[in-house]
Amino acid sequence: MINVINSTSSNTTGDTAHCQSSLLTWMMMAMMILDYILSFPTVPWALWILIRNSALETEVFLFNILCADIMGTLISPVMFLMMFVSSYMSTFIKGVLYLNDLYLKGYPLFQCAMCFDRYMAVVHPITYLKYKVMRYKLTCLLLTWTVTLMMSVINSTFLNSQLLFVILVLVVGSQTFFSFSILKVLKRSRPGDGKRQQENEKKKRAFIIVVVNQVKLLINYMPYIVMSTFQGEISGNIYYCYIQFIIINICSFGHFFQAFLYLQRAGKCSVPKMIRASTCFR
74 MINVINSTSS
84 NTTGDTAHCQ
94 SSLLTWMMMA
104 MMILDYILSF
114 PTVPWALWIL
124 IRNSALETEV
134 FLFNILCADI
144 MGTLISPVMF
154 LMMFVSSYMS
164 TFIKGVLYLN
174 DLYLKGYPLF
184 QCAMCFDRYM
194 AVVHPITYLK
204 YKVMRYKLTC
214 LLLTWTVTLM
224 MSVINSTFLN
234 SQLLFVILVL
244 VVGSQTFFSF
254 SILKVLKRSR
264 PGDGKRQQEN
274 EKKKRAFIIV
284 VVNQVKLLIN
294 YMPYIVMSTF
304 QGEISGNIYY
314 CYIQFIIINI
324 CSFGHFFQAF
334 LYLQRAGKCS
344 VPKMIRASTC
354 FR
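Numbering of the sequence shown is given in this note's numbering, commencing with residue 74 and proceeding in unit increments.
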């Protein structure tokens, strides 16, 4: 028997649903373990390379995303072990669930902030360069942290069951607009020689990176948005025991993704030629 820790972690209900362990439960746990195995060496390595290369000024959003990925990676095995702990550790459990809730709400906001930064740099370069870039990025970062902490406090205080849903809808909608605007600009490439040809190659790589990030965004968050829309049509026990358990795990999967992309850009991670060709990192 387990308490559905994922439904509690997002503070979606004040009731505790008691569910039987099932094959589905262990499949989701296997996915969590796989994510941990892929993320544990990759994310700290990428963070170390980023700091060592003194790239914090240009990659300030990525730095925060990698830190959030480390937190998510550390939370994953703890969430797994929490299936077996006793209720006397309830204070510790509440602390872990709060951190997990902070991650679930903050991570998509940081992703959206990084995409907005790219949007301004590509679509509105004159406006982007008009401001002091570092000051502008720190302002966006402070705003993102403030909103994240406010959302977590509000959610833990009022148990707003729709808060994560609203955040994800806004993030997916905004980031989709930013991504398609960036892609529209990047597609405006004209044939040429020398520097123009090199510029077109850079645009092609940037185009694919934006597409890959957008696809991951939709895979992570659309299942939660769609299933939350039909929550009222589904039995509460089935929803909290099985469906929400799946969609929260899908939301959290892929801690290694941004780290992998950065290591590829930094030339620190070799992959098979097929993958390398498909991602156009070289």
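Beta carbons: idealized from backbone N, C-alpha and C, even for Gly.
Quick caveat, the model's predicted, so the values are computed rather than measured.
- A residue is called buried when at least 16 other Cβ atoms come within 10 angstroms of its Cβ; V195 meets this threshold and is buried.
- Short of 8 Å from the beta carbon of F330, and not among the five residues preceding or following it, lie these beta carbons of its own chain, in chain order: K289.
- Rounded to whole angstroms, F250 and L96 show a C-alpha spacing of 38 Å.
- The DSSP-derived three-state label of E132 is coil.
- The three-state secondary structure of F253, taken from DSSP, is helix.
- With contacts defined as CB atoms closer than 8 Å, I240 and K341 fail to qualify as a contacting pair.
- Judged by pairs of C-beta atoms under 8 Å, the stretch 136 to 148 touches the stretch 165 to 182, as three or more such pairs exist.
- About 18 Å separates the beta carbon of Y176 from that of A119, a gap too long to meet the 8 Å contact definition.
- By the Cβ criterion, the stretch 313 to 327 is in contact with the stretch 290 to 304, since at least three pairs of Cβ atoms, one from each stretch, lie closer than 8 Å.
- By the criterion of a C-beta distance shorter than 7 Å, P296 is surrounded in its chain by I320, I323, once the five residues flanking it on both sides are discounted.
- For G305, the secondary structure class from DSSP, reduced to helix, strand or coil, is helix.
- Secondary structure of Q337 (DSSP, three-state): helix.
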